[in-house]
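*Asks:*
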Amino acid sequence: KKGNIKRALGTDDGTDGLLAQGDDNTGTDLNALLPVPISKKLKKGNHRVNDMTADEKCPVEIKGELHIRNESTDVPGTKIELPIGTPVTDIAGAELEVDDVGSALQFHEFCRTFAEVLKIRKGQPEKVLQVITGGGRIGREVPSVVADLHISLLSVIQEDREENPSDYSRNGDAWIIDTGKYISESTVISKELPVDCLSQGVLGYKKLSPSLKLHVLNFLCDEALSTTTLKNWVLKQHESATERKVAAREKFRAVKEKEKELKEKLTIKMAKPRFLRNGAEINSLVSQIKEAYEDKKAVIDEEKLGGLVRKKPVRIDEGVAYWKLDGYCDKTAIMRQEFDATENTDKWFMFTEEEEKVIKGHVAPRPQLKRKNKTHTLAGHNALPISSSMKTQTPVSAV
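In structure tokens, the structure reads:
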């Protein structure tokens with residue numbers, strides 16, 4: 001008994017008495033251990049499950065769909081129904097057919113990006129869209145705001161081809177006929193582009209539907225994108241953006257260090273007994289900390305907005321892409337694009353504020369959403385932040 005400490009905790013006879021609770025000898029009678037009430041175990045277990053962490057409560061994704069995790073188990077429960085949104089039919093004040101919205105977005109984003117280099121006037125793209133979609137107009141001439149933009153694009157293309165830019169008259173046929181020639185010479189000619197009508201000049205152009213006029217305009221935009229003038233401008237913007245980004249990061253570090261020092265000073269001041277504190281000094285430090293915080297926030301915003309950025313969808317699902325495009329919908333920015341690459345068609349949808357909250361949870365970056373071999377950009381190309389004429393990849397990148 002003296003040599004066995006654990007055994008000494010029990011009774012002397014070793015038959016009728018109980019071993020010490022928790023004895024881990026091989027001869028321990030498990031039935032003799034003091035039982036823990038089953039109800040207590042269950043209560044503890046339920047408390048652990050229902051008191052899930054924030055991460056456990058987050059919706060989980062299964063095969064591209066969001067589900068709310070069941071509280072009683074680790075198995076996902078209710079599937080979250082994603083809102084489809086309302087079809088977009090208005091871009092920059094222009095009423096459009098549903099199938100033409102993508103083309104209008106492509107054109108408008110192009111003008112946003114290259115307004116400076118192409119000397120596009122404020123409000124001109126919106127006016128062009130409104131005139132083009134306004135249907136047939138009485139009179140032989142093409143409205144000057146539309147003709148001027150076509151002529152501007154033609155001049156950039158001709159300079160790149162080392163041709164003397166023609167001195168077009170906005171009321172003449174020459175700029176329309178030349179546009180038709182460029183379309184016919186293109187290596188990628190869409191069946192939708194009306195070469196025959198354009199050869200008739202103004203009369204032929206006036207016969208075109210709003211949809212075909214948008215196709216013609218976007219063809220010239222795409223041709224301009226491949227010119228040296230626009231390529232050099234894009235590279236210059238990227239270089240400037242990189243320089244601004246480096247400067248912004250240095251400024252951010254300086255502001256953050258200043259904020260840290262101010263907070264340390266405030267902590268020391270507040271550690272003193274109340275009757276020894278200097279109210280004026282404390283108020284001054286609080287004001288300086290608030291100012292430093294605002295400076296830091298301003299630097300972050302400046303870094304986000306600075307430079308030319310190729311826009312990409314914030315998320316791609318099967319036949320659906322979600323884009324963040326500002327200025328097209330009231331109080332919301334995320335738009336849904338349904339596309340059919342085979343038919344070369346797409347449709348666009350906008351969301352209400354409540355619907356966008358649900359969509360934001362769906363498009364939020366998650367590690368499992370990364371795709372290595374699939375890209376879908378507003379540019380339509382990986383090399384340049386520009387759109388292609390494919391309707392399934394309609395809009396362009398923006399600054």
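The sequence shown begins at 1 in UniProt numbering and counts up one residue at a time. We treat Cβ as the ideally placed atom computed from N, Cα and C, and that holds for glycine.
Which residue comes first and which comes last in the alpha helix (DSSP H) that contains valine 146?
*Replies:* Run containing valine 146: 144 to 160, per the alpha helix (DSSP H) assignment.
*Asks:* Can you tell me where the alpha helix (DSSP H) with phenylalanine 252 in it begins and where it stops?
*Replies:* Here the alpha helix (DSSP H) through phenylalanine 252 covers 228 to 271.
*Asks:* Under 7 Å Cβ to Cβ from glutamate 355, same chain only, skipping five residues before and after it: list those, please.
*Replies:* Taken in chain order, the residues that qualify are Pro83, Gly85.
*Asks:* How long is the line joining the alpha carbons of residue 406 and isoleucine 334, rounded to whole angstroms?
*Replies:* Nothing can be reported for residue 406: it is not among the residues displayed for the chain, which extend from 1 to 399.
*Asks:* Just to confirm my understanding: we take arginine 253, look at its own chain, exclude 5 residues before and 5 after, and list those with CB closer than 7 Å. What are they?
*Replies:* Same-chain partners within the cutoff: there are none.
*Asks:* What separation, rounded to the nearest whole angstrom, lies between the Cα atoms of glycine 319 and valine 101?
*Replies:* For glycine 319 and valine 101, the distance between alpha carbons rounds to 17 Å.
*Asks:* What does a CB cutoff of less than 7 Å around isoleucine 177 pick up in its chain, not counting 5 residues either side in sequence?
*Replies:* These residues qualify, in order along the chain: Leu198, Ser199, Gly201.
*Asks:* Evaluate leucine 235 with the Cβ neighbour count: other Cβ atoms within 10 Å of its Cβ, from every protein chain shown; 16 or more gives buried, anything less gives exposed.
*Replies:* Exposed.
*Asks:* Give the range of the beta strand (DSSP E) segment to which arginine 336 is assigned.
*Replies:* That run of the beta strand (DSSP E) goes 334 to 340.
*Asks:* For the beta strand (DSSP E) that aspartate 110 lies in, which residues bound it at each end?
*Replies:* What sits at residue 110 in the sequence shown is phenylalanine, not aspartate. Looking at the DSSP string, phenylalanine 110 is not in any beta strand (DSSP E); the run it does join, the alpha helix (DSSP H), is 101 to 114.
*Asks:* Given that a residue counts as buried once 16 or more other Cβ atoms are within 10 Å of its Cβ, and exposed if not, what is arginine 277?
*Replies:* Counting Cβ neighbours within 10 Å, arginine 277 comes out exposed, since fewer than 16 surround it.
*Asks:* What do you reckon, are the CB atoms on lysine 347 and glutamate 338 nearer than 7 Å?
*Replies:* Yes, these two residues count as a Cβ contact at 7 Å.
*Asks:* Taking just the CA atoms, how far does glutamate 239 sit from arginine 170?
*Replies:* Cα to Cα, arginine 170 sits roughly 37 Å from glutamate 239.
*Asks:* How many whole angstroms separate the CB atoms of alanine 92 and glutamate 141, which I take to be in contact at a CB cut-off of 8 Å?
*Replies:* Not quite, the Cβ-Cβ distance comes to about 23 Å (not below 8 Å), so this is no contact.
*Asks:* Using the C-alpha atoms, what's the distance from leucine 203 back to leucine 118?
*Replies:* Looking at the two C-alpha atoms, the distance is approximately 27 Å.
*Asks:* Measure the C-alpha to C-alpha separation of glutamate 162 and valine 363 and round it to an integer number of angstroms.
*Replies:* Approximately 46 Å between the Cα atoms of the pair.
*Asks:* Just tell me which of Ala280, Gln288, Met270 has its CA closest to the CA of lysine 258.
*Replies:* Looking at the Cα atoms, Gln288 is the closest of the given residues.
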